[in-house]
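What follows is one structure encoded as structure tokens, with my remarks underneath.
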Amino acid sequence: MSDKKMQKILFIEDESALQRTLGKKLELAGYTIIEAMDGEKGIELAKSEKPDLILLDLILPKKNGFDVLKEIRSFEKTKNIPVIILTNLDGTKEVEKALEFGATTYLVKINYSLEDVIEKIGKILSKNEN
Amino acid sequence: MIKIVSYTKIILMGKERTTSQFNVIQNCRNYDIPLWQCPQFLFIIMGLVMIGAIMLSSFIGTKYLMGPEIIVLATISITIFLFIIAFIIVQSFEKMAEANRMKTEFINIASHQLRTPLTNIKWGSDAIINENLNKDQADSLKIIQINIERMAKLISGLLMVSRIEQKRLTRNDELFSLEEMARQIIAESKFHSDGRKINVNFVANDNLPKIMGDPFQIKTVFENLLNNALKHSPENTTINVSLARKGKSALLEISDNGIGIPEEDHKYIFQKFFKAKNVMKTNTEGTGLGLFICKSIIKSMGGDINFKSAVGKGTTFWFTLPLINKK
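Residue numbers (numbering that gives the first Met the number 0), protein chains in the order written: chain R, 0 to 129; chain U, 0 to 326.
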């Protein structure tokens, strides 16, 4: 596996406490974290930073997660970046819509421990590397 | 809800739904009630009935009874009287329908909003669980985590009830083995049962074909029934789980030797928020939502669910699900 420091994760989440907790753990696990607190900033950073993976909340200020995902998938430089939806919405409609828009996977935050989320991220990144 | 002249503005999960008062069908959909119970629809029907009644009384009056002035006066009086009655009835219906909609919307929004701070606490405690904690600190943190899980389950239960009531609980059906699922859930339950020395015995009598249904929802049903049996069983007892064919259905039974359900509570057992009296004396945990959810799920899949129970002897819950013959 390549050096995790080289692997950048863009975390688009408006809840600062969650961003801090998960972000810190991911940094300790060796990843580089870029943070965005709203949808517009998220798209901007996805285009300029070209991260290896994006963690995306659905309820966001300025632009919601579905619009962010749609834009990421329509832009040449970002269309192949794996996107993990990390939300507390668990309706079938939201899950179907996110997968239809090209989400790599959909995680309902409250159902996963911090370790589970980090493990899922690791698996997706290593799969993408191969 | 904010009313602006002839428009209704509903704020829902951060999105706005704007519906014209004249769009009867859409308004009725917003209330999540059948058309025949919808205030706007009833108002139109009552209006038509009133027009019919006025025309009929006018016709009868002119043909058989009295002079035109009295008929006009009588017709106008009846019209005003009927209109006032109709208006009061429709207003009451509208208030009831709105209260019902607000209740389910409230559960929806409150449940989602509760999940965010709960995730903060959960992940926050996850972040420090592996730090250098002494035994007391580790025990306290474990208690916090157990209670986070309890609260998360309660919120999920409320959300599910809300979706059931709004008929928004959608299914992702697929073919799956009920036997495999039962074995897996029983194996997972050993973690909870071993501490109290409760043995869970499983027998699959027939080689059943796969079931077509939503595996996640059926798992919820089975977990609920098994957890209830575990919760109410005394130490050193056995819970018997059996899977068999019953006609064109699969039958799953869970029998315990627990405290049983008093006869007078039997008819309320599948109602939401209901808890049997003897349970409340010994164990106040639980929301009373589980069996309501179980029944809604099983009925939606064309199955049946019921139980037999005697106080002090135990309870057997069973449910059936239709078998699909693969061609």
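C-beta atoms are modelled at their ideal positions from N, C-alpha and C, and glycine is treated no differently.
Since we're looking at a predicted model, the values are computed, not measured.
Determine the closest residue to Ser295(U) out of Arg114(U), Ser188(U), Tyr267(U) and Glu164(U), with distance taken between C-alpha atoms.
Checking every option, the nearest Cα to that of Ser295(U) belongs to Glu164(U).
State the Cα-Cα distance for the pair Lys14(U) and Leu153(U), rounded to the nearest angstrom.
Residue placement at Lys14(U) is poorly supported in this model, since its pLDDT is 37, which falls under 50; the coordinates still yield a value, given next. Linking Lys14(U) to Leu153(U) through their CA atoms gives a straight-line distance of about 25 Å.
Spatial neighbours of Thr61(U) in its chain, beta-carbon cut-off 8 Å, leaving aside the 5 residues before and after:
Same-chain partners within the cutoff: Pro67 and Ile70.
When you compare only the Cα positions, how much space is there between Gly212(U) and Ser47(R)?
Rounded to the nearest angstrom, the two C-alpha atoms are 45 Å apart.
Tell me, which residues are paired with Ser308(U) by DSSP?
DSSP lists Thr314(U) as partners of Ser308(U).
If the cut is a Cβ gap below 8 Å, which residues of chain U does Leu88(R) touch?
Per Cβ cutoff of 8 Å: His111.
Contact set between Asn171(U) and chain R, taken where Cβ atoms lie within less than 8 Å
Simply Thr91.
When the Cα of Arg105(U) is compared with those of Gly287(U), Arg28(U), Arg162(U) and Asn26(U), which residue comes out closest?
According to the sequence as given, residue 105(U) is Phe; it is not Arg. Nearest of Gly287(U), Arg28(U), Arg162(U) and Asn26(U) to Phe105(U), Cα basis: Arg162(U).
How far does the beta strand (DSSP E) with Thr104(R) in it reach, from first residue to last?
Element bounds for Thr104(R): Thr104 to Val107.
Measure the CB-CB distance between Thr315(U) and Asp264(U) and report whether it falls below 9 Å.
If you check the CB distance, Thr315(U) and Asp264(U) do not come in under 9 Å.
On the DSSP letters alone, give me the boundaries of the alpha helix (DSSP H) that Ala151(U) sits inside.
Start and end: Lys134 to Glu164.
List the DSSP bridge partners of Arg244(U).
Answer is Ala249(U), bridged to Arg244(U).
Use the C-beta contact count for Ile238(U): other C-beta atoms within 10 angstroms, 16 or more gives buried, fewer gives exposed.
With 16 or more Cβ atoms within 10 Å of its Cβ, Ile238(U) is classed as buried.
Starting from the C-beta of Leu34(U), find all residues in its chain whose C-beta is less than 7 Å away, skip the five residues before and the five after it, and write them out in chain order.
Within the same chain, and ignoring the five residues on either side of Leu34(U) in sequence, the residues whose Cβ sits closer than 7 Å to its Cβ are Cys27 and Phe40.
Indicate whether at least one CB of chain R lies closer than 9 Å to the CB of Leu158(U).
Answer yes: the Cβ-Cβ gap between Leu158(U) and chain R drops below 9 Å somewhere.
Taking C-alpha atoms, which residue in Gly259(U), Asn131(U) and Ile323(U) lies nearest to Arg244(U)?
Checked all of Gly259(U), Asn131(U) and Ile323(U); the closest Cα to Arg244(U) is Ile323(U).
Whole angstroms are fine: how far does the CA of Leu68(R) sit from the CA of Ala97(R)?
Taking C-alpha positions only, Ala97(R) is separated from Leu68(R) by approximately 8 Å.
Put Asn198(U) into one of helix, strand or coil per three-state DSSP.
Correct three-state label for Asn198(U): strand.
Give the residues of chain R in contact with Trp122(U), contact being defined as C-beta atoms less than 7 Å apart.
Within 7 Å Cβ-Cβ: Leu17, Thr20, Leu21 and Leu113.
Provide the residue(s) that pair with Lys102(U) in DSSP beta bridges, ordered along the chain.
Beta-bridge pairing links Lys102(U) to no other residue.
Beta bridge counterpart(s) of Lys298(U) as assigned by DSSP:
Partner(s): none; Lys298(U) has no beta bridge.
Can you confirm whether the segment 134 to 141 of chain U touches the segment 164 to 178 of chain U when touching is taken to mean that 3 or more C-beta pairs between the two stretches lie within less than 8 Å?
Counting C-beta pairs with one atom in each stretch, the segment 164 to 178 of chain U and the segment 134 to 141 of chain U have fewer than three that are closer than 8 Å, which means they do not touch.
Under a CB-based cut-off of 9 Å, is Asn119(U) close to chain R?
Residue-level contact by beta carbon holds for Asn119(U) and chain R, with a gap shorter than 9 Å.
Lys69(R) at chain U interface by Cβ criterion, 9 Å:
Using beta-carbon distances, Lys69(R) does not count as an interface residue toward chain U, since no partner is under 9 Å.
Give the secondary structure of Lys7(R) by DSSP, where H, G and I count as helix, E and B as strand, and everything else as coil.
In the structure shown, Lys7(R) sits in a strand (DSSP, three-state: E or B).
Measuring alpha carbon to alpha carbon, tell me which residue in Gly29(R), Lys62(R), Ile123(R) and Ile58(R) is nearest Glu39(R).
Relative to the Cα of Glu39(R), the nearest Cα in the group Gly29(R), Lys62(R), Ile123(R) and Ile58(R) belongs to Lys62(R).
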